[in-house]
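Take the sequence shown: its letter number 25 is residue 25 in my numbering, and every next letter is one higher.
All C-beta atoms in this analysis are idealised placements derived from N, C-alpha and C, irrespective of residue type, glycine included.
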Amino acid sequence: MSSDLPTLQKFGLGAQPQSDAKIQVVTTVVEKQPRREDSTASYLSPSQLNKFDLNDVNLDSILENNRRWATTVREENSNFFTELSKKQEPKILWIGCSDSRVPANQLMQLGPGEVFVHRNIANVVSHTDLNCLSVVQYAVEVLKIEHIIVCGHYNCGGVSASMHKHQYGLIDSWLMNIKDVYRRHQGEFETIEGEHKRERRLVELNVLNSVHNLCHTTIVQNAWKQGQRLAVHGWVYELENGLINQLDICVRDTEKLEQVFRF
Ligand SMILES: [Zn+2]
């Protein structure tokens, strides 16, 4: 399957518009998408894609999207699904934010079978989160993935919330992970002018913290000990232009880890 943008968009995989900096629920009601037999159906611009019709209470339009997508893929490659159903061999584990505007496969332009994904509020890797750690263990030990990407994003609602005193309920406990990052870098934050800049820096430091936490796990360190090729990357996605920024971190062994974290 080709991975160029028009093809992915044709398959209904394009990203949503990235214009609004705040987390929002898409409430726009749009006209029904053109059917495949329409001449315009071979290409859908990002603004036409994936707008959920609030009147579609039975989710019929989504099921129809799925049928059209599956049909289009099979028309291009009749064996695509049968081959993919036999096994998965992704080389990438993506740990990202649950934010609807940061869809892993779409923004990397990778198709089904290419990316193993874990997402949570503000892409936090915590040593007490059995869900995340189970994903990491399976990805590293069973799938033998070669890259773990922690990808945060600027204008992250979770990071923003962690900087304020407002109570949000259960999620306050989760956001403590990010508040801890802020506290550890308090000195640096005191030198940064303006809340917007401080928030962007906290997004980056939160990604770095998740990268470090991953490298501190016995899962990752045992893989390195066994000679498994495994790199842990830190990225930040810019909602306002759709581009990924690589942070200055990519860990491939225990060399730079603090002694206390080495096993
Ligand atoms: Zn977020």
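Residue burial is scored here from C-beta neighbours: Gly158 has at least 16 other C-beta atoms within 10 angstroms and is therefore classed as buried. Minimum Cα-Cα distance from Tyr237 among the listed residues Ser134, Met108, Thr254, Glu114 corresponds to Met108. As DSSP reads the structure, Phe116 sits in a beta bridge with Leu93. The shortest C-alpha to C-alpha distance from His164 to any of Leu49, Gly187, Lys86, Arg183 is the one to Arg183. As computed with DSSP, Gly152 is found in a beta bridge with Val236. At a threshold of 8 Å, Asn177 does not count as near ligand 1, since its beta carbon sits no closer than that to any of the ligand's heavy atoms. The residue among Ser162, Gly96, Pro112 with its C-alpha nearest the C-alpha of Cys132 is Gly96.
In terms of Cβ geometry, Ile145 and Pro90 form a close pair [threshold 9 Å].
Within the same chain, Cβ atoms closer than 8 Å to the Cβ of Pro112 are found at Leu84, Asn105, the five residues on either side in sequence being excluded. Those residues placing their Cβ nearer than 6 Å to any heavy atom of ligand 1 are, following chain order, Cys97, Asp99, Ala122, His153, Cys156, Gly157, Gly158.
Per DSSP, the beta bridge partners of Ala231 are His147.
Beyond the five residues adjoining it in sequence on each side, Ser98 comes within less than 8 Å, by CB distance, of Arg119, Asn120, Ile121 in the same chain, given in chain order. For Leu49 and Tyr154, the gap between their C-alpha atoms comes out near 23 Å. Burial of Asn209 is indicated by the presence of at least 16 other C-beta atoms within 10 angstroms of its C-beta. Nearest C-alpha to Gln137 among Gly234, Leu239, Gln221, Glu240: Gln221.
For a cut-off of 8 Å, the C-beta gap from Leu214 to Ala139 is around 11 Å, too long to register as a contact. Its chain contains no residue whose beta carbon lies nearer than 7 Å to that of Asn66 once the 5 sequence neighbours on both sides are disregarded.
With distances taken between CA atoms, Val207 lies nearest to Asn245 out of Arg74, Val117, Asn245.
Rounded to the nearest whole angstrom, the C-alpha separation of Glu75 and Leu130 is 41 Å. For the pair Arg201 and Glu188, the CB atoms are nearer than the 9 Å cut-off.
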